[in-house]
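Down below is the structure, laid out as structure tokens.
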Amino acid sequence: MSTISKQKRTLIEDSKEIVRFSGVSLAFLRQFYEDVKAGNLASEVRLVEASEQLAEDVWVGRTIRVDAPGKAYVPYRKSQVLQDFEESEVKDRPRSEWTIADMCDFVILPRCLKTRCFYQDFLDSSQIGEPFQGAFVSQARQSRFEDLVEALENQFDGEDESKIYLWLDIFCANQPLLTDSESEEIMKTRYDLLSNNFHAAIKFFDMLVIYFNSWTEPLPLGRAWCIWELYGAARVEKTLQVAMQTDQKQVFLDALTEDSRSATMAITGIKPKNATCFDKDDLKMIQDSVENDVGWTKLKAIVVEQLINWMIDTAEQACKNAEERVDKSDKNGMLEFAKLLYQTGVLSKENNRLDEALKVTQKSLKIFESIDSTLSASNEASALNNLGLIYMDTGNTEKALEMFKRSNGIRVMVLGADNPTVADTLNNMAILYKNKLKDLDKALRLYERARKIYVVNYGEKHDQVALVLNNMGTLYGESGDWDKSIELLEKVFEIYKDKYGENDHPAVALLMNNMGFSYENKGLILKICEMDGYKPYLAKALDLYERSYNMSIAMYGGNSDHPDIARTIINLERARTYEL
Numbered sequence: 002m003s004t005i006s007k008q009k010r011t012l013i014e015d016s017k018e019i020v021r022f023s024g025v026s027l028a029f030l031r032q033f034y035e036d037v038k039a040g041n042l043a044s045e046v047r048l049v050e051a052s053e054q055l056a057e058d059v060w061v062g063r064t065i066r067v068d069a070p071g072k073a074y075v076p077y078r079k080s081q082v083l084q085d086f087e088e089s090e091v092k093d094r095p096r097s098e099w100t101i102a103d104m105c106d107f108v109i110l111p112r113c114l115k116t117r118c119f120y121q122d123f124l125d126s127s128q129i130g131e132p133f134q135g136a137f138v139s140q141a142r143q144s145r146f147e148d149l150v151e152a153l154e155n156q157f158d159g160e161d162e163s164k165i166y167l168w169l170d171i172f173c174a175n176q177p178l179l180t181d182s183e184s185e186e187i188m189k190t191r192y193d194l195l196s197n198n199f200h201a202a203i204k205f206f207d208m209l210v211i212y213f214n215s216w217t218e219p220l221p222l223g224r225a226w227c228i229w230e231l232y233g234a235a236r237v238e239k240t241l242q243v244a245m246q247t248d249q250k251q252v253f254l255d256a257l258t259e260d261s262r263s264a265t266m267a268i269t270g271i272k273p274k275n276a277t278c279f280d281k282d283d284l285k286m287i288q289d290s291v292e293n294d295v296g297w298t299k300l301k302a303i304v305v306e307q308l309i310n311w312m313i314d315t316a317e318q319a320c321k322n323a324e325e326r327v328d329k330s331d332k333n334g335m336l337e338f339a340k341l342l343y344q345t346g347v348l349s350k351e352n353n354r355l356d357e358a359l360k361v362t363q364k365s366l367k368i369f370e371s372i373d374s375t376l377s378a379s380n381e382a383s384a385l386n387n388l389g390l391i392y393m394d395t396g397n398t399e400k401a402l403e404m405f406k407r408s409n410g411i412r413v414m415v416l417g418a419d420n421p422t423v424a425d426t427l428n429n430m431a432i433l434y435k436n437k438l439k440d441l442d443k444a445l446r447l448y449e450r451a452r453k454i455y456v457v458n459y460g461e462k463h464d465q466v467a468l469v470l471n472n473m474g475t476l477y478g479e480s481g482d483w484d485k486s487i488e489l490l491e492k493v494f495e496i497y498k499d500k501y502g503e504n505d506h507p508a509v510a511l512l513m514n515n516m517g518f519s520y521e522n523k524g525l526i527l528k529i530c531e532m533d534g535y536k537p538y539l540a541k542a543l544d545l546y547e548r549s550y551n552m553s554i555a556m557y558g559g560n561s562d563h564p565d566i567a568r569t570i571i572n573l574e575r576a577r578t579y580e581l
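Position in the sequence shown (from 1) plus 1 gives the number in this note's numbering.
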């Protein structure tokens, strides 16, 4: 028997029949749901949710099982019997709305309780996979069971569902033993299993899938035990896949076509650290383990990276579908298709998928150019501006400058010279002159023009004004005026602090990297001149680089090829070599 096989065997033996590492088939999950929905399973169960506070621990929305008029069963409550409530104080929960928790508490657990068995014991052997076969599925029990099944069916679309095996705790763990708080031996085994062996087990599954009910506020990230499973994936370096609730594709696409940058920013507010748990000791164990090992930043990065992949894949597929359906003689339909292409290009460019970004943005530009309207002209300018950014990132300076000039010409003609979008293009042109053409005087003049337009439209404290000041700060640094650079960048920092607070944002991460570079060089000049006081500047630089890096990977995932992350890594590694 191989080493891996021995490890698997040890895990199975150590689980002591509290957990089995064999999954159930996707076909079974669908049949189970349909049987519950039709009343073929748990036919006697009537679930309601409280419309009012029925007791101190029976709050509005809590699910209870009605056993007789005015009498109900409430799981995980000291006194599990609730009496003397009125029908007007509750409302029926249709079986189609039953959650994963409902299925566990009112269908699975009662059926297994008498013999203290696994639900798998009621299944045919063909419905159960081999140990560690298939996917380990992480989910939050507050989610609707039907939504989970549909998301998994979509995830494995086109495959034989009778051969897709999924490890779900409600079916693959012994629920009567897990909920037994009387036996100290069982409690110890449960703790050892969850705190140690569980992560080793995750490694051996073919894949790890996490079900998200929402792309912006996924329930699992609010559940500490889901965080524990993600932490396990990070520890054993297991790739994570997201199975998204099916309706979320359209929700995301609606947000994307409105504004791709806002859609991207929507996921930066995810905060795994704020997850909760019923047991305070379990919560502390989970929080301490994550904090002292992989860290919250890396954990968030794992999730964000997969969400970004899902967003880009969803957008690209939507573009393909739209191209097949669109009527080329329908001007409005073609305009909407072009907008989708453009926003997909912006999304891809922001996440360093430059080849795809170039392809879809060029396609959008051709459509915008073919439609004669003011709105189309404005969109044409936006596509040209994004092409300029893409060409700049790929090193095609001449083509980038051409795109920016064309974009600026259209915007001035259609929208006027003081329109903020004109300032957007001027700022991008300035970056090109500074970074690629090394014409700092030209760049400074363009920055100043952009800044004045932003101030006229937004006032002095707007984040777009801060963006230009940030760029001007780096320019002064490159010209050797580190004091002026630091002065401007600190001003930007105050604007961003008022705007974003403690939230992650790409502009803040970029700013902290730029500030670190300016503080670093100021410190090095003082050191070379053998002047006192250089160490605080170098220490400040190191702190800023570390904060920039942590924020960047929390937003973009652990993609070291992303230019913002790659740049900060270089600066951070250099700053760590200084004697402080």
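Glycine residues also receive a C-beta, built at the ideal position from the N, C-alpha and C atoms.
Helix, strand or coil for residue i, going by three-state DSSP, please let me know.
i      : result
Trp240 : For clarity, residue 240 is Thr in the given sequence; the question names Trp instead. Here Thr240 sits in coil by DSSP.
Ala576 : helix
Tyr557 : helix
Glu131 : strand
Thr217 : coil
Lys92  : strand
Val295 : coil
Glu186 : helix
Trp99  : coil
Gly24  : strand
Asp562 : coil
Phe137 : strand
Asp464 : helix
Tyr166 : strand
Asp425 : helix
Ala174 : strand
May I have the straight-line CA-CA distance separating residue i from residue j, to the nearest angstrom?
i      : j      : result
Lys541 : Ile19  : 51 Å
Ala382 : Gln156 : 38 Å
Glu337 : Arg354 : 22 Å
Ser3   : Ser163 : Here the model assigns Ser3 a pLDDT of 47, short of 50, so the residue's position is not dependable and the matter cannot be decided.
Asn458 : Asn380 : 20 Å
Ala339 : Glu503 : 36 Å
Ala73  : Gln251 : 39 Å
Ala39  : Leu545 : 59 Å
Glu403 : Arg326 : 33 Å
Glu154 : Gly558 : 26 Å
Arg142 : Met104 : 9 Å
His506 : Ala467 : 13 Å
Glu580 : Leu254 : 50 Å
Leu42  : Ser371 : 59 Å
Ala431 : Arg568 : 20 Å
Glu479 : Ile171 : 60 Å
Asp328 : Lys400 : 32 Å
Thr398 : Asn428 : 15 Å
Within 10 angstroms of the Cβ of residue i, are there 16 or more other Cβ atoms? Answer buried if so, exposed if not.
i      : result
Glu230 : buried
Glu324 : exposed
Asn572 : buried
Pro95  : exposed
Met312 : buried
Ala69  : exposed
Ala234 : buried
Tyr232 : buried
Ser6   : exposed
Met188 : exposed
Leu227 : This sequence places Cys at residue 227; Leu is not what is there. It counts as buried.
Mind reading off the beta-carbon distance from residue i to residue j? Whole number of angstroms is fine, and I expect it under 8 Å.
i      : j      : result
Val25  : Leu169 : 7 Å
Asp464 : Ala510 : About 14 Å separates the two Cβ atoms, so there is no contact after all.
Glu317 : Thr362 : That belief does not hold up - the Cβ atoms of Glu317 and Thr362 are roughly 13 Å apart, past 8 Å.
Leu55  : Phe86  : 5 Å
Leu348 : Leu257 : 7 Å
Val295 : Met556 : No, Val295 and Met556 are not in contact; Cβ-Cβ is about 17 Å, not under 8 Å.
- Task: For the region 563-576 and the region 516-524, state whether three or more C-beta atom pairs, one from each stretch, are separated by less than 8 Å.
- Result: yes
- Item | Given 8 Å, three or more beta-carbon pairs between the region 504-517 and the region 470-481 | yes
- Item | Stretch pair the region 92-112 + the region 41-51: three plus CB contacts closer than 8 Å | yes
- Message: So, does the region 487-496 touch the region 549-556, judging by three or more C-beta pairs under 8 Å?
- Response: no
- Is there contact here, the region 123-131 with the region 174-193, by at least three beta-carbon pairs under 8 Å? no
- Query: Would you call the region 107-119 and the region 5-17 touching, i.e. three or more CB-CB distances under 8 Å?
  - Reply: no
- Query: Counting Cβ pairs closer than 8 Å, one from the region 434-443 and one from the region 411-419, do we hit at least three?
  - Reply: no
- Stretch pair the region 270-282 + the region 220-227: three plus CB contacts closer than 8 Å: yes
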